[in-house]
Structure formats: structure tokens, C-alpha cells
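In what follows, a single structure is set out as C-alpha cells and then discussed.
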Amino acid sequence: MTRLTIGIDGFNLAMPRGTGVATYGLGLAEAVAALGHATLGVFGIDVGDRADSRELLFYDRIGKERAPETRKQHRRRLRRETFRSFLPAHAYEVPISDAVEKQAFAGRLPRFDRLVSSPALFDIADRRLRRAGTFLTLRMPNPPAIMHWTYPVPVRLEGARNVYTLHDLVPLKLPYTTLDDKQRYRRLIELCVTEGDHICTVSESSRADILALFPDAAPDKVTNSYQTAPVPAELLARDPAEDAGVVEGLFGLKRRGYFLFFGALDPKKNLARIIEAYLTSRSETPLVIVGARHWGTEQEARIFGDQKKGVSLYGEAAAKGLVQLDYLPREMLLRLVRGAKAVMFPSLYEGFGLPALEAIRLGTPVISSTISSLPEVVGEAGLLVDPYDAGAIAQAMRALDEDPALAARLSAAAPAQAAKFSDEAYRARLAAMYERVLSS
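Residue numbers for the sequence shown, in full-length UniProt numbering: 1 to 440.
Take a look at the structure:
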């Protein structure tokens, strides 16, 4: 394939704290660059009117929460966004130079060959979807051949083939686990399927869901590319003992001496049953939970107690084995993953399950789920249990506590399982999909 320019959106990359989709965006950008194509980052940050200050404002504002607004300011912004939602949006070129020191963004932002940004792009697009039920048109000079949206967003780039990645249909499969407006979400997915040039998804499970719930979608228009787990090469090459020393020095956790859960604390992650299983297993191995508190997990949060009052849902003794850590930089999180006895990932539903693959790529066993895509991802490198059965989760934890040979077998199976989702395999699947998109 000749060298192309592939656009990749920054919807999740620009969020204050990383998400699984942000990690997907990083891996996608790396794969596109490795295929020899140029990358274009498309963001929704207000970079101002002056070309000579856009790079400065881009790096000043990326990853920051919106400043607090008065009620009057809020109403004025909504009126402005509503008005703009009825007009095409325009993206402005952001210079890429050495004027701003960018080392702080290494590992968080891809090294795009070109950057553009359209102020409040995704907020305005959401307003249009709410008001008119249609996509917002985005215009820019010299659009890329393909615009690969890493998430279902109600935007279509004029002059490009638009590809939308649908990671899963959890709001429609498990509506009680998300806060989405379900009717608007369904309309958004319908638009992606009918007006998008192609749908990319990340597992055979998700592909089957898309084709089953949206039967008008042509099967050859929906591609499972899977994905990779972008783990820094220097970490993979490093002696695991070095990472273990850092983790023990900072957190007092010994290598293979703790179970680990990490991710967003939302209902589908099944945290309540993980904690129930851990407490009933009577394991002496600590359970480390890394993640910011999220909606729907208030009861689980009470387990850690009110630190000011010393109150805990299950009592101080029960809580001693539970360790909660807030959001960690990705490098430190991967050190924790590498040293865990097992990563806990018995989710109720996953389009792919990136934490499971990250663990497997680092040689760490996984306790995961028999549901959705997770058997595809975990294979023989983990223990698969019914995620609705806390007893089964507890039994898997006890098995790893009591049988070191089992853990060794799971770790030994990891390289072959990880190879199915290697960088090379991912790039080959992407290249084949892009060829199909351009030839259709």
C-alpha cells in the first residue's frame, strides 16, 4: 500500500486521566506509523485564533478539566455550542515544533506527524446528536485518506473515508451498568453503522454483537482487527527483579505476593464480587485495587472506610488485606502488573479486555471471565470463571495461593497467547482493513 495519511482522534487521549480507549489510541497510532503511514491527530481543544500560539495553547490545555463556570457562563456556552452544532465545524492546524518541551507527554500522546484541533468539537457534536439526531460535519484543509475514530463519536470528516471503532455494545447489552442515554447511544451506533464507511471492532464477540443488534450492517463492512497491548520495549527488556524492587520499595508489596485489580471502578468490572470472593477466600495475599472511584461502586468504596472516622463496611480486620491506590502513571501501573500473583479481571462484559492482555504480555496470570470476549483474549494463560459466582472467583484465588505449579503453567502459556495479539499481527490486520476501506 502506498503511504497514506491516517487521522486518529484525540477524544480519549485528551482526557485528564488515561482510559482503555486512550491506550487503544496510542497503540493504533504506533501501528499506523509502523506501517509507514503518516498520522494526523484530530482534537477538540480550543487553540485560539492565532497560528503562532496554537502549539502553546494545545499543550497548555490538553488533559485539563474545564474551568469552573458560573450559571450564566454555563448557559452562554451551551447556547454557543447549540448554535455551532447546526454548522459544519472547522479544524485548525497546530504547528509541531521544538518550541514546547514535550517529554512530559511521552507515553501518553502519540508522536503525530500533523495536528489539528477544532474548539469543543466533541461537545458540539454531542449537541447536534441531541438536537438533530445526525452527525456533525468536520472540515479541514488536506484531509487524510482515512479518518479512524477510536470511539463512536457523532462526527464525520469531509473528504475522508470514516472508520469508527466500536469496542463493545455494553450500554445496549448491559444497560444497567452505564449512565449513557440508551436511546441516543443506539442512534449514535446506527449512524456509525449506516453512515460510516467501515466499522472496526476488537473481538469476534463484539463483531457478533454488532451484526446481531444491527442486522442492516453488511458483514463485510465490519472488521475485527483485535488490538495490541502497547507495553514499552524497555520494560519488556528490563529484569523483572528491578521492577519488583521499585514496587516493594514504594508500596511494600513483594513480587508474586499480591492480587491486583486495576481499571475504572464501574459496575461491569464486577468489583463487588471480587472483594466478596477475596474476603471469603481468607487469602493472606493482599488484594490491591488501583482506580479512581466511579459511579455505582459506593458500597465497595465503604470497605476502605472513612479515613477520618476510621469506619469500614467489613471492619478493620477484614480490610487489612485490601490496599487501595489511586490513579497511577502507566509506567508504575505496568510495574505493579508485572509483579502480581494474578490480575483480577472477571468482568461481566468486555469488548476486548485490555488489562487481561497487558497482564499476559508481562507474564502475569489472569483470573478472568467465561463471558464475552475474554475467553478469546485469555486463552490458556489464565483461569476463566463464571463472573456472577463469587465462590468460583474465590476458588480460583485459593488455587493460585496453594499451587505454585499452576501459576507457573499459566505464566508459561502467556507468550503463545500474547503472540496472537502481537504488534505484527495487529499491523497486518489493520493494513488489510485499510485496503478494503479504500477499495470499497
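Every residue gets a Cβ at the ideal spot worked out from N, C-alpha and C, and that includes glycine.
Fill in: Simplified DSSP assignment, three categories, for A340
The residue you call residue 340 lines up with position 340 of the sequence shown. Coil, per DSSP.
Fill in: Buried versus exposed call for P68 [16 or more other C-beta atoms within 10 Å across all chains shown]
Start at 1 with the first residue of the sequence shown, and residue 68 comes out as number 68. Exposed is the call here.
Fill in: Residue interval of the alpha helix (DSSP H) (run including V193)
As a working note, residue 193 is residue 193 in the sequence shown. K182 to E195 is the extent of the alpha helix (DSSP H) around V193.
Fill in: DSSP-derived helix/strand/coil call for A89
Residue mapping note: residue 89 aligns to position 89 of the sequence shown, counting from 1. Strand, per DSSP.
Worksheet item: At a cut of 8 Å, does the stretch 161–168 reach the stretch 197–207 through at least three beta carbon pairs?
Response: yes
Discussion item. Considering only DSSP beta bridges, list what N12 is partnered with.
Written reply: Position 12 of the sequence shown, counting from 1, holds the residue named residue 12. Answer is none; N12 lacks a bridge partner.
Fill in: Cβ-based burial, N224 [other Cβ within 10 Å; buried from 16]
Indexing the sequence shown from 1 puts residue 224 at position 224. Its Cβ being crowded by 16 or more others within 10 Å, N224 is buried.
Worksheet item: Closest by CA to F262, which one among T370, A212, V222 and Q324?
Response: For the purposes of this step, residue 262 is identified with residue 262 of the sequence shown, where counting begins at 1. Out of T370, A212, V222 and Q324, Q324 has the C-alpha closest to the C-alpha of F262.
Worksheet item: Quick one, which of G249, L26, V290 and A33 has its alpha-carbon nearest P232's?
Response: Position 232 of the sequence shown, counted from the first residue, corresponds to residue 232. Residue L26 is the option with its Cα nearest to P232.
Worksheet entry | Cutoff 6 Å; reference E276; Cβ partners in own chain excluding five residues on either side | Along the sequence shown, one-based indexing puts residue 276 at 276. Taken in chain order, the residues that qualify are A390.
Practice prompt. Look at the alpha carbon of A396 and the alpha carbon of G339, and state the distance between them as a whole number of angstroms.
Written response: In the sequence shown, residue 396 corresponds to position 396, counting from 1. In the sequence shown, residue 339 corresponds to position 339, counting from 1. Rounded to the nearest angstrom, the two C-alpha atoms are 18 Å apart.
Worksheet entry | In DSSP terms, what R156 is bridged to | Position 156 of the sequence shown, counted from the start, is the residue given in the question as residue 156. Looking at the DSSP assignment, R156 forms a beta bridge with T137.
Worksheet item: Can you tell which of L4, A381, L78 and T70 has the C-alpha that lies nearest to the C-alpha of A342?
Response: Looking up residue 342 in the sequence shown gives position 342. Residue A381 is the option with its Cα nearest to A342.
Worksheet item: Any idea if Y59 is buried or exposed, counting beta-carbon neighbours within 10 angstroms, 16 or more meaning buried?
Response: Translated into positions along the sequence shown, residue 59 becomes position 59. Per the 10 Å Cβ criterion, buried.
Discussion item. Let me make sure I understand the geometry here. Which of A51, A241 and P175 has the alpha-carbon closest to that of K254?
Written reply: For the purposes of this step, residue 254 is taken as residue 254 along the sequence shown, with counting starting at 1. Selected option, being the one with the closest Cα: A241.
Worksheet item: Going straight from the alpha carbon of A212 to that of A125, what length do you get?
Response: Numbered from its first residue, the sequence shown carries residue 212 at position 212. Numbered from its first residue, the sequence shown carries residue 125 at position 125. Between A212 and A125, the C-alpha separation is close to 27 Å.
Practice prompt. Would you tell me roughly how many angstroms separate the C-alpha atoms of G41 and L115, rounded to the nearest one?
Written response: Along the sequence shown, one-based indexing puts residue 41 at 41. Along the sequence shown, one-based indexing puts residue 115 at 115. So the alpha carbons of these two residues sit roughly 5 Å apart.
Worksheet entry | Cβ pair count under 8 Å reaching 3, the stretch 135–144 against the stretch 87–100 | yes
Worksheet item: Skipping 5 residues on each side, what residues in its chain have a beta carbon closer than 8 Å to that of L374?
Response: Position 374 of the sequence shown, counted from the first residue, corresponds to residue 374. Counting only Cβ-Cβ distances below 8 Å, and skipping sequence neighbours, we find F345, S347, E350, G353, A356, S368 and L384.
Discussion item. Relative to the C-alpha of E158, which candidate in L169, A145, M433 and L191 has its C-alpha closest?
Written reply: Stepping through the sequence shown from its first residue, residue 158 is reached at position 158. For the residues L169, A145, M433 and L191, the minimum Cα distance to E158 belongs to A145.
Item to complete: Compare the beta carbon distance of R3 and A51 with 8 Å and say whether it is the shorter of the two.
Response: Here residue 3 is taken as the residue at index 3 of the sequence shown, counted from 1. Here residue 51 is taken as the residue at index 51 of the sequence shown, counted from 1. No, they are not a contact pair.
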